[in-house]
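Trainee: For the sequence shown, this note's numbering begins at 193 and goes up steadily by one.
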Amino acid sequence: MSDLVRLEVEDGIGTVRLDRPPMNALNAEIQHGLVAACREAAERSDVAAVVVYGGEKVFAAGADIKEMETMSYTDMVDHSGLLQDFTRALARLPKPTVAAVTGYALGGGCEVALACDWRVAAEDARLGQPEILLGIIPGAGGTQRLARLVGPARAKDLVLSGRFVDAREALAIGLVDRVVPAAEVYTASRELVSRYVGGPSYAVRAAKEAIDRGLEVDLETGLEIERQLFAGLFATRDRATGMRHFVEKGKGPAPFE
Ligand code: CAA
Numbered sequence: 193m194s195d196l197v198r199l200e201v202e203d204g205i206g207t208v209r210l211d212r213p214p215m216n217a218l219n220a221e222i223q224h225g226l227v228a229a230c231r232e233a234a235e236r237s238d239v240a241a242v243v244v245y246g247g248e249k250v251f252a253a254g255a256d257i258k259e260m261e262t263m264s265y266t267d268m269v270d271h272s273g274l275l276q277d278f279t280r281a282l283a284r285l286p287k288p289t290v291a292a293v294t295g296y297a298l299g300g301g302c303e304v305a306l307a308c309d310w311r312v313a314a315e316d317a318r319l320g321q322p323e324i325l326l327g328i329i330p331g332a333g334g335t336q337r338l339a340r341l342v343g344p345a346r347a348k349d350l351v352l353s354g355r356f357v358d359a360r361e362a363l364a365i366g367l368v369d370r371v372v373p374a375a376e377v378y379t380a381s382r383e384l385v386s387r388y389v390g391g392p393s394y395a396v397r398a399a400k401e402a403i404d405r406g407l408e409v410d411l412e413t414g415l416e417i418e419r420q421l422f423a424g425l426f427a428t429r430d431r432a433t434g435m436r437h438f439v440e441k442g443k444g445p446a447p448f449e
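1) Return yes when at least one heavy atom of the ligand CAA lies under 8 Å from the C-beta of Gly-327, else no.
2) Can you look up Glu-248 in the DSSP assignment and give me helix, strand or coil?
3) Here's the rule: buried if 16 or more other CB atoms are within 10 angstroms of the residue's CB, otherwise exposed. What is Lys-287?
4) Say whether the region 233 to 249 touches the region 264 to 280, bearing in mind that this needs 3 or more beta-carbon pairs closer than 8 Å, one atom from each stretch.
5) List the residues that DSSP assigns as beta-bridge partners of Glu-200.
6) Does DSSP put Thr-379 in a helix, in a strand, or in coil?
7) Who pairs with Gly-319 in a beta bridge, going by DSSP?
8) Could you tell me whether the region 338 to 355 touches the region 196 to 205, using the rule of 3 or more Cβ pairs below 8 Å?
9) Quick check on the burial criterion: 16 or more other C-beta atoms within 10 angstroms. Buried or exposed for Pro-447?
10) Hey, would you say Ala-241 sits closer than 9 Å to Gly-206, going by beta carbons?
11) Following the continuous alpha helix (DSSP H) through Arg-419, name the residue where it begins and the one where it ends.
12) Would you decide whether Thr-379 is buried or exposed? Buried here means 16 or more other CB atoms lie within 10 Å of its CB.
13) Starting from the C-beta of Asp-277, find all residues in its chain whose C-beta is less than 6 Å away, skip the five residues before and the five after it, and write them out in chain order.
14) Identify whether Thr-262 lies in helix, strand or coil by the three-state DSSP scheme.
15) Cβ of Leu-415 versus every heavy atom of the ligand CAA: is any distance shorter than 8 Å?
16) Where does the unbroken alpha helix (DSSP H) through Arg-311 begin, and where does it stop?
17) Which of the three DSSP states is assigned to Arg-431 in this structure?
18) Mind checking whether the beta-carbon of Glu-303 lies closer than 8 Å to any heavy atom of the ligand CAA?
19) Select from Ala-255, Asn-219, Val-244 and Ser-194 the residue whose C-alpha is nearest the C-alpha of Leu-384.
20) So does the region 400 to 407 actually touch the region 216 to 225, counting three or more Cβ pairs closer than 8 Å?
21) Confirm the yes/no value for this check: CB of Met-260, any heavy atom of the ligand CAA, distance under 8 Å.
22) If I measure Cβ to Cβ from Ala-359 and keep anything under 6 Å in the same chain, skipping five residues before and after, which residues do I get?
23) What residue from Gly-246, Ala-432, Pro-330 and Cys-302 has the CA that sits closest to Ala-362's CA?
24) Here's a check: name, in chain order, each residue in its chain whose Cβ is nearer than 8 Å to the Cβ of Ala-398, leaving out the five neighbours to either side.
25) Decide if Arg-212 is buried, meaning its Cβ has at least 16 other Cβ atoms within 10 Å, or exposed.
26) With respect to the beta strand (DSSP E) encompassing Pro-370, which residues constitute its N-terminal and C-terminal limits?
27) Compare the Cα-Cα distances from Glu-401 to each of Gly-390, Glu-416, Arg-346 and Pro-445 and report the closest residue.
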């Protein structure tokens with residue numbers, strides 16, 4: 193894994209820590225590092241949920257413009273797959289994920305946040321897709337995931353203008369889910385996913401997959417995805433534990449492993 197991206201595990205939560213001061217600009221090394229960190233977080237049994245965090249000052253100000261400036265069309269044909277891979281790796285992580293957004297989440301940085309299940313933002317955070325101001329468009333999933341999250345009209349407002357939104361507006365349009373004082377962003381993000389530690393991990397994974405895959409297909413296909421995942425859970429320990437706990441009138445949450 194790259195030094196610019198670390199997976200730090202504590203109390204069942206993995207923090208994918210972006211660490212490339214001053215702005216966590218996402219160069220190719222950090223993009224590869226994100227893919228590797230997501231793979232490790234997916235595989236490790238001591239990671240139940242993931243927080244993506246860029247530190248106290250900034251989440252990420254986008255793909256590294258200095259690295260891209262000299263790229264040709266053919267360079268970008270080769271590189272653009274990686275641009276989508278690092279956000280896809282995050283979106284497909286079979287565990288709950290939250291972006292802890294401090295400072296700027298712009299361009300590829302905003303796209304990283306969009307690929308998480310939830311976003312917690314600092315009161316002074318600013319988010320946006322300013323690629324248009326560079327003569328390009330979002331290339332790490334932004335045109336697709338932003339439109340799915342906030343609707344096409346709001347996505348076009350942000351992507352076509354490149355304007356930044358503050359945390360209050362981001363909350364109002366559903367781009368972020370919670371706004372907290374800057375010093376509390378990381379703790380609040382951990383709290384949001386801590387309920388999944390020691391929970392029914394197979395059922396959580398199936399629920400996330402059913403919702404995400406269902407959003408990409410028609411209703412009947414989505415219902416079939418749900419039906420298969422639902423039936424599949426009857427082969428898991430989670431299902432046996434959860435139902436036995438209820439039938440035997442167990443106290444408190446079921447003792448999932
Ligand atoms: N790539 C490379 N370097 C970047 C960067 C980026 N995306 N964002 C900031 N930096 C660098 C600056 O060049 C500067 O470097 P130097 O100290 O060597 O000059 C340093 O980080 C600090 O930045 P500023 O001096 O600009 O700081 P500021 O506080 O005045 O402004 C900012 C902060 C508003 C984030 C501003 O830096 C900015 O607008 N950054 C670019 C944002 C952007 O356009 N992001 C989209 C990138 S394209 C993309 O992401 C494509 C995609 O979809 C994958």
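Yeah, the Cβ is synthetic: ideal placement off N, Cα and C, and Gly gets one too.
Mentor: Reading off the structure:
1) The answer is no for Gly-327.
2) Secondary structure at Glu-248: coil, using DSSP grouped into helix, strand and coil.
3) By the neighbour-count criterion, in which a residue is buried when 16 or more other Cβ atoms sit within 10 angstroms of its Cβ, Lys-287 is buried.
4) Contact between the region 233 to 249 and the region 264 to 280 is absent, because fewer than three Cβ pairs lie under 8 Å.
5) DSSP lists Thr-207 as partners of Glu-200.
6) It is helical.
7) The sequence as given places Leu at residue 319; Gly does not occur at that position. For Leu-319, which the question treats as bridged, DSSP gives the partners Ala-297 and Val-357.
8) By the Cβ criterion, the region 338 to 355 is not in contact with the region 196 to 205, since fewer than three pairs of Cβ atoms, one from each stretch, lie closer than 8 Å.
9) Around the Cβ of Pro-447, a 10 Å sphere holds fewer than 16 other Cβ atoms; the residue is exposed.
10) The answer is yes: Cβ separation under 9 Å.
11) Unbroken alpha helix (DSSP H) run through Arg-419: 411 to 424.
12) The residue in question, Thr-379, is exposed, as its Cβ has fewer than 16 Cβ neighbours within 10 Å.
13) Hits under 6 Å: Val-227.
14) In the three-state reduction of the DSSP assignment, Thr-262 falls in the coil class.
15) No, the Cβ of Leu-415 stays beyond 8 Å of every heavy atom of the ligand CAA.
16) Counted as a single uninterrupted DSSP element, the stretch harbouring Arg-311 is not any alpha helix (DSSP H) but the beta strand (DSSP E) occupying residues 310 to 314.
17) DSSP places Arg-431 within a helical segment (H, G or I) once states are collapsed to three.
18) Answer for Glu-303: yes, Cβ within range of the ligand CAA.
19) Nearest in C-alpha terms to Leu-384, of all of Ala-255, Asn-219, Val-244 and Ser-194, is Val-244.
20) They do not touch, by the three-pair rule.
21) With a cut-off of 8 Å, the C-beta of Met-260 is classified as near the ligand CAA, since at least one heavy atom of the ligand falls inside that distance.
22) If we look at Ala-359 and ignore the five residues flanking it on each side, its Cβ neighbours are Ala-313, Glu-315, Ala-317 and Val-371.
23) Closest by C-alpha distance to Ala-362, out of Gly-246, Ala-432, Pro-330 and Cys-302, is Cys-302.
24) So the qualifying residues of the chain are Leu-421, Phe-422, Gly-424 and Leu-425.
25) With 16 or more other Cβ atoms inside 10 Å of its own Cβ, Arg-212 counts as buried.
26) According to the sequence provided, residue 370 is Arg. The question's Pro does not apply to it. Going by DSSP, Arg-370 is part of the beta strand (DSSP E) stretching over 370 to 372.
27) Answer by Cα proximity: Glu-416.
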